[in-house]
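Those protein sequences? They're chains A and B, same order as listed.
Residues 0 to 432 in numbering that gives the first Met the number 0 are what the first sequence spells out, letter by letter.
Residues 0 to 432 in numbering that gives the first Met the number 0 are what the second sequence spells out, letter by letter.
Virtual Cβ for every residue (Gly too), placed ideally from N, Cα, C.
Predicted model, so just to flag it, every value in this text is computed and none were measured.
2 protein chains.
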Amino acid sequence: MKTYEEMSLSELHALEAVTEEKLAEVRGKGLAIDMTRGRPSAKQLDLGDGLLTVLTTGEDCMSESGFDCRNYGVMEGLPEAKKLMGDILGVPAENVIIGGNASLSLMFDTVSRSMTHGVCGSTPWSKLHRVKFLCPVPGYDRHFAICEYFGIEMINVPMTPEGPDMDIVEKYVSSDEEIKGIWIVPMYSNPQGYTCSDETVRRLASLKCAAKDFRIYWDNSYGIHHFYDEPENQDHVLNIFEECAKMGNEDLVYEFCSTSKVSFAGGGISAIASSQANLDDHRQYMKFQTIGYDKVNQLRHVKFFRNLAGVKKHMSRHAAIMRPKFEMVCRILSEELGGCGICSWTTPRGGYFISFNTMEGCAKNVVAMAKGAGVKLTEAGATYPYHRDPYDSNIRIAPSLLSLEDLEQATEVFVLCVRLVSLRKVIDEKKAG
Amino acid sequence: MKTYEEMSLSELHALEAVTEEKLAEVRGKGLAIDMTRGRPSAKQLDLGDGLLTVLTTGEDCMSESGFDCRNYGVMEGLPEAKKLMGDILGVPAENVIIGGNASLSLMFDTVSRSMTHGVCGSTPWSKLHRVKFLCPVPGYDRHFAICEYFGIEMINVPMTPEGPDMDIVEKYVSSDEEIKGIWIVPMYSNPQGYTCSDETVRRLASLKCAAKDFRIYWDNSYGIHHFYDEPENQDHVLNIFEECAKMGNEDLVYEFCSTSKVSFAGGGISAIASSQANLDDHRQYMKFQTIGYDKVNQLRHVKFFRNLAGVKKHMSRHAAIMRPKFEMVCRILSEELGGCGICSWTTPRGGYFISFNTMEGCAKNVVAMAKGAGVKLTEAGATYPYHRDPYDSNIRIAPSLLSLEDLEQATEVFVLCVRLVSLRKVIDEKKAG
Chain A
0 MKTYEEMSLS ELHALEAVTE EKLAEVRGKG LAIDMTRGRP SAKQLDLGDG
50 LLTVLTTGED CMSESGFDCR NYGVMEGLPE AKKLMGDILG VPAENVIIGG
100 NASLSLMFDT VSRSMTHGVC GSTPWSKLHR VKFLCPVPGY DRHFAICEYF
150 GIEMINVPMT PEGPDMDIVE KYVSSDEEIK GIWIVPMYSN PQGYTCSDET
200 VRRLASLKCA AKDFRIYWDN SYGIHHFYDE PENQDHVLNI FEECAKMGNE
250 DLVYEFCSTS KVSFAGGGIS AIASSQANLD DHRQYMKFQT IGYDKVNQLR
300 HVKFFRNLAG VKKHMSRHAA IMRPKFEMVC RILSEELGGC GICSWTTPRG
350 GYFISFNTME GCAKNVVAMA KGAGVKLTEA GATYPYHRDP YDSNIRIAPS
400 LLSLEDLEQA TEVFVLCVRL VSLRKVIDEK KAG
Chain B
0 MKTYEEMSLS ELHALEAVTE EKLAEVRGKG LAIDMTRGRP SAKQLDLGDG
50 LLTVLTTGED CMSESGFDCR NYGVMEGLPE AKKLMGDILG VPAENVIIGG
100 NASLSLMFDT VSRSMTHGVC GSTPWSKLHR VKFLCPVPGY DRHFAICEYF
150 GIEMINVPMT PEGPDMDIVE KYVSSDEEIK GIWIVPMYSN PQGYTCSDET
200 VRRLASLKCA AKDFRIYWDN SYGIHHFYDE PENQDHVLNI FEECAKMGNE
250 DLVYEFCSTS KVSFAGGGIS AIASSQANLD DHRQYMKFQT IGYDKVNQLR
300 HVKFFRNLAG VKKHMSRHAA IMRPKFEMVC RILSEELGGC GICSWTTPRG
350 GYFISFNTME GCAKNVVAMA KGAGVKLTEA GATYPYHRDP YDSNIRIAPS
400 LLSLEDLEQA TEVFVLCVRL VSLRKVIDEK KAG
């Protein structure tokens, strides 16, 4: 098979004509498929329905220690909820505080607090001339949006299959006091599905930082979101909490997670895990911001999942739904675009996304063309700070929400769009060159 | 009956001896009664247990428009939840945004946002030399705590049975650009149980403010928390939202409420109601802070209460539990302390608190003495900014949590402490003078 580059102009034009015809056919179908966000499918949500009936009477609402979860109190979260979330993260319960229905809010509030009150006694960031964050790219748009909202300057750091490029991270962090944080999705990253290697975690845990108030924002959203049950087919990430402790760097990391993609999306519970010094900072904010989060829902989660083993069993049921979707998308991409020399993509073993790279300057056109054919993708550029993909190349594919049938159709449309936009680019270049 | 002032030294000493004896008796009982906070009692919480079973299947979790509440989306809250909360506040649904489990967080976040981003385009408060809030006193400690956390200077404004002293409010607000807000609990205020008169509301709605970013923080926590079913025995407050509109002052007010003292305390839903300009400001923050709040819980509330009539019926059941408690406390205070000339207290027709004033300089001693006798009261001074009651006189009584039996005992202990501390003060003064 020839790559597009190797094809003659007439071969390219012939393929263009075929592709255009197929796309016209698709347009006639009037599809309306939305794969913009990483939403769980209804079948996945059904797995959590037991949450709805696990507490049915006032007596059910008593915590292990006999506390009535329907009333005020226990600001940091139920001890049993702290234990459960701690077990998920591999962190002792006393290093965990339970948040509301989204870890995003915990991250936002942590940045917001740093703006108004600094970090463990440092100067409030709003009083500084400039604050910067390192942003491994492509990455999660909502992380970048928080920085943008607070006027934090974002510096792109290339992602590798081992995690962020640590040579660059170390250089920046050690030399620039204005750099106060780095966003990291350590396992099954958004959008690539990459997992930080042991070396990356160790180098992160031993960072020497110019800024004392530098922190790693460790967004462990997909830490238990494997597609395969066999350990050898799962990614593994070193426990950053323990690695930091070994290096005497306990305060370096804030770890975040939630059950949004475990129980109900937006109806789950969240947690922050960190050193006592960092948690004290958090408490100092929290005690003014809230009377504590919904303990009834915390108790629902504890009673429904019981323990880490229960959570893992549950995630295996999610995997059974997710696995065929991701396998199908990767298979179609492989069959239809493999060897064309016009694109690349990741093949994650967990998480919620596939990262797809078109030829330079094609991503926006692909997304626009797919939209025209009834398939909404995540906006091109969204995976970069300020929505600026310097190569206009990255597209995030979010297979989770759709049925297998819709997903197949959407992927086929996507393939046609990638092919057509790439063909036209190659044709133009050949003509010009 | 003589006031203490009118008694002779020997009469006072005789009464002191009797009171000391009674108190010693009480101490022997080893009471451990906590009435520090306005928590609902278990019986009240039981009223909401229907919430636990109103959604039991995935199908139940579909909103009126067919949206699956178990998934991401609908950031501002379910339309039917906005309608319910709007009806409670007397505000159109489109002027309502649903928050998390506590209106306190909405208030905190609103101040936090004003610090970092200003108000509808104004200079962020963190960039200003000084920011001040008016604080009607005595008032709600958590309001004052938010100001203190953000370094906002608090100015005491006396509360009257009609609401804050409006002559003072108008003078400050019209002349001082640094004043950016006022905290108001318009109905059954914390701690007095006072309700703003029509004139107060009208004067508030027509405030001419030196600062364009001045806002009224209208914390309508107890807007439906009557003790009596008959309208003539209920307080009423003018609709500030409508009054502001009449005066062309739509942007002047943020209204907050929650179901914490309607359904479950800390397990309910909250809302902010305001003008579109103010809500746009809120949206601009919210879309970075959250993926939206727990819609499953929103739907639970909508399905359980159905509508405003359902809420009112429910509140009447709360009233049946609260009423005898408040009536008993007021009766005991009247019988035991009426006519002594040493104290005063309020007799609210709704809300959660009674405000009690001792002679000057006695509140801390009363609270300490009660604690020694096994009855924990809200810390003296808590009802004032910076915990500084200039008269050391105000004590907040919170009858809700206790059983009638415990409450009776606690009130009797309280009476003994007030009597003894006051007697000693009068004796000392008589001796000195």
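So is Q297 (chain A) in contact with chain B if we call contact Cβ pairs under 7 Å?
no
Could I get the ranges of all uninterrupted beta strand (DSSP E) runs contained in the segment 19–99 of chain A, with 3 residues as the minimum, in chain order?
32–34 and 95–97
Check the C-beta distance from L133 (chain B) over to I154 (chain B) and give it rounded, since I have them as a contact under 8 Å.
5 Å
Any contact between the segment 346–362 of chain B and the segment 222–229 of chain B? By contact I mean 3 or more CB pairs, one from each, below 8 Å.
yes
Mind checking the segment 328–354 of chain A against chain B and listing, in chain order, the residues whose C-beta falls within less than 7 Å of any C-beta there?
Hits within the stretch: zero.
Name the residue from A:E93, A:A381, A:K375 and A:T289 whose alpha carbon lies nearest to the alpha carbon of C416 (chain A).
A:K375
Quick one: is F66 (chain A) near chain B, going by C-beta distance under 7 Å?
no
Listed from N- to C-terminal order along the chain, which residues in the segment 106–123 of chain A have their beta-carbon within a distance smaller than 7 Å of any beta-carbon of chain B?
F107, S111, M114 and T115
Do P398 (chain A) and V310 (chain A) count as a contact pair if the criterion is CB distance below 7 Å?
no
Nearest to E161 (chain B) (by Cα), restricted to the options B:K170, B:D140, B:V73 and B:V136
B:V136
Is M158 (chain B) helix, strand or coil when you go by DSSP?
strand
Name the chain E residues that come within less than 7 Å of I290 (chain B), Cβ to Cβ?
In the structure shown, chain E does not exist; the protein chains are A and B.
Min CB distance R129 (chain A) to chain B below 7 Å:
no
By Cβ distance, which residues of its chain are closer than 7 Å to C60 (chain B), with the 5 residues on each side in sequence left out?
L54, D67, C68, R69, V295 and L298
Could you work out which residue in A:G120, A:Q43 and A:S273 is closest to P91 (chain A) when comparing CA atoms only?
A:S273
When you compare only the Cα positions, how much space is there between E198 (chain B) and M165 (chain B)?
9 Å
Anticipated Cβ contact below 8 Å, F74 (chain B) with K286 (chain B), distance rounded
Looking at the sequence provided, one finds Met at residue 74 (chain B) rather than Phe. Contact holds; Cβ gap of about 7 Å.
Length-filtered (3 minimum) beta strand (DSSP E) runs lying within the segment 225–304 of chain A
252–257 and 269–272
Rounded C-alpha distance that separates V414 (chain B) from E335 (chain B)
The alpha-carbon atoms of V414 (chain B) and E335 (chain B) are separated by roughly 7 Å.
What does the alpha-carbon distance come out to for the pair A372 (chain A) and G360 (chain A)?
20 Å
Where I151 (chain A) sits in the DSSP three-state scheme
coil
Which listed residue (A:E404, A:L400, A:L22 and A:F355) has its alpha carbon closest to that of G380 (chain A):
For the residues A:E404, A:L400, A:L22 and A:F355, the minimum Cα distance to G380 (chain A) belongs to A:F355.
Kindly indicate the opening and closing residues of the beta strand (DSSP E) around I183 (chain A).
Per DSSP, the unbroken beta strand (DSSP E) holding I183 (chain A) starts and ends at I178 to I183.
Where R395 (chain B) sits in the DSSP three-state scheme:
strand
Give the secondary structure of L133 (chain B) by DSSP, where H, G and I count as helix, E and B as strand, and everything else as coil.
strand
Quick one: any contact between the segment 251–267 of chain B and the segment 94–106 of chain B, if contact means 3 or more CB pairs under 8 Å?
yes
Considering only C-alpha positions, which residue in the set B:H12, B:S125 and B:S205 is nearest to A244 (chain B)?
B:S205
Following the continuous alpha helix (DSSP H) through F413 (chain B), name the residue where it begins and the one where it ends.
L403 to A431
Less than 6 Å between C-beta atoms, sequence neighbours within five positions excluded: which residues of the same chain meet that for G180 (chain B)?
F132, R214 and Y216
First through last residue of the alpha helix (DSSP H) which encompasses I331 (chain A)
L307 to L336
Going by DSSP, what residues sit across from Y139 (chain B) in a beta bridge?
DSSP output for Y139 (chain B) lists no bridge partner at all.
Between B:S257, B:Q275 and B:A276, which has its C-alpha nearest G267 (chain B)'s C-alpha?
Nearest to G267 (chain B) by C-alpha distance, out of B:S257, B:Q275 and B:A276, is B:S257.
I'd like to know whether the C-beta of L54 (chain A) is nearer than 7 Å to at least one C-beta of chain B.
It does; some Cβ of chain B falls within 7 Å.
Any residues in the segment 24–55 of chain A with a beta carbon nearer than 8 Å to a beta carbon of chain B? Which ones, in chain order?
R36, R38, P39, A41, L44, D45, G47, D48, L51, T52, L54 and T55
Under 7 Å between the Cβ atoms of I341 (chain A) and M358 (chain A)?
Against a cut-off of 7 Å, the Cβ pair of M358 (chain A) and I341 (chain A) comes out as a contact.
In chain B, what lies closer than 7 Å to F287 (chain A) by C-beta?
F107, A144, I145 and Y148
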